[in-house]
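Visitor: If you read the sequence shown in my numbering, its first letter stands for residue 94, the second for the next number, and so on.
Glycine included, C-beta positions come from ideal geometry on N, C-alpha and C.
Predicted model only: the values in this text are computed from it and were never measured.
This structure is in structure tokens; I'll ask about it shortly.
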Amino acid sequence: LTQDHLDFHKTLADYRDTKKKFFDSLDKTAFALTNVDDKNGGYMLQNTLARKCTYSLKTMADFRATVLENTFSGMLLRINEKEVWVSLIGKFNAYNLLAIYATAILLGEDSDQVLIALSQLTPVAGRFQYFVAADKRTLIVDYAHTPDALENVLETIRSIKQGNQQLITVVGCGGNRDKGKRPIMAHIATMLSDKVVLTSDNPRDEDPETILREMEAGVRAEHQAKYMTVTDRRQAIKVACHLAKAGDIILLAGKGHETYQEVKGERSHFDDMEEGKLIVKSEK
């Protein structure tokens, strides 16, 4: 459970309790599966009549997994003592894959067939989608638009990057959405990146400069030298690409699969990967 949809639910507690209603509504013929590594996992199971099942990467559970190897091309997982190579990466995807595996087994599927199916999954557009330029600068486009998602993708990149590779992040926050996450997003970005460019991401009816100021409030004193603000997203991506040296990693966070920028009720075409590729290819 993470900080998302709070423009609708208003508080994390309301969001949590809304999700819990799904578990509460299950009868004894069903099963309820939760992640016990999430502090709300046990809470979800408190009042359900369903068979209670758990999964974890960290502790004892009905279904366990371990990340044995993590690279840009995929990861090696051990799931309930069987190994499988998958084309998705990062601990957050390990949790997702373990949940899929557990659900399939609980529905009566064969373990080996489930693992084969997992090994054949491919990433979707905008979810850790990457491109390596001729000079080995790596562009990564990810839909990470919540604090938890941004932290997950940055931690994943940090676990993979090598030597003196810099991690440069471009990130913004949407207008007319949860304002509480704005300073948190900037804090996470500046804490886990070498350099950060704060920019616009669908400002909608809000003033982009105001959104950026609210984000800046989350940057701690020790990280002030790490970041800059560039209101125009296209220019922000250009700045990040110019800051990157051969071999560095540029994360374009927040838009992912989206192919538009929304300003004052109007949507114009904008694709993070398109923009990034144009820049790094023109500079070779």
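1. Hey, quick one: how far does the beta strand (DSSP E) through Ile172 stretch, first residue to last?
2. Looking only at DSSP bridge pairs, what is Ser361 linked to?
3. Return yes when the Cβ of Pro301 is within less than 9 Å of the Cβ of Glu355, no when it is not.
4. Just checking Arg220 against the ligand NAP - is the residue's beta carbon closer than 8 Å to any of the ligand's heavy atoms?
5. How about Ala333 and Asp228: are their beta carbons less than 9 Å apart?
6. Which residues share a DSSP beta bridge with Glu176?
7. With 16 other CB atoms within 10 Å as the buried threshold, where does Gln255 fall?
8. Which residues does DSSP pair with Val289 in a beta bridge?
9. Within a Cβ cutoff of 8 Å, which residues of the same chain sit near Ala154, ignoring the five residues on either side of it in sequence?
10. Taking the CB atoms as reference points, tell me whether Ala123 and Ala143 lie closer together than 9 Å.
11. Within this structure, are the beta carbons of Ser286 and Leu305 separated by less than 9 Å?
12. Relative to the alpha-carbon of Gly347, which residue among His335, Asp364, Leu214 and Lys331 has its alpha-carbon at the smallest distance?
13. According to DSSP, is Ala125 helix, strand or coil?
14. Under three-state DSSP, which class holds Asp300?
15. DSSP has Glu162 in a bridge; who is on the other side?
16. Should Glu176 be labelled buried (16 or more other beta-carbon atoms within 10 Å of its own) or exposed?
17. Alpha carbon to alpha carbon, how far is Leu169 from Leu161?
18. Going by Cα to Cα distance, which pick from Leu119, Ala329, Gln317 and Val207 is closest to Val264?
19. Using 10 angstroms around the beta-carbon of Arg230, count the other beta-carbons present and answer buried if the total reaches 16, otherwise exposed.
20. What are the start and end residues of each continuous alpha helix (DSSP H) run of 4 or more residues lying completely inside the segment 183-269, in chain order?
21. For Asp341, which residues from the same chain have a beta carbon less than 8 Å from its beta carbon, with the 5 sequence-adjacent residues on both sides left out?
22. According to DSSP, Leu39 sits in a beta bridge with which residue or residues?
Guide: Here's the rundown:
1. Gly167 to Ile172
2. Under DSSP, the beta-bridge partners assigned to Ser361 are Gln354.
3. no
4. Absence of the ligand NAP is noted for the structure shown, with no ligands found whatsoever.
5. no
6. Arg171
7. exposed
8. Thr262 and Tyr320
9. Around Ala154, the same chain offers Val129, Thr147 and Tyr148 as residues with beta carbons nearer than 8 Å, after the five sequence neighbours per side are excluded.
10. yes
11. no
12. Asp364
13. strand
14. coil
15. Partner residues in the beta bridge of Glu162, as assigned by DSSP, are Leu169.
16. exposed
17. 5 Å
18. Ala329
19. buried
20. Secondary structure within the segment 183-269: the alpha helix (DSSP H) runs of 4 or more consecutive residues, fully enclosed, are 184-199, 204-212 and 240-253 (chain order).
21. If we look at Asp341 and ignore the five residues flanking it on each side, its Cβ neighbours are Arg230, Thr231, Gln258, Gln259, Leu260 and Ile261.
22. Look at the range of the chain in this structure, 94 to 377, and you will see that residue 39 is not part of it.
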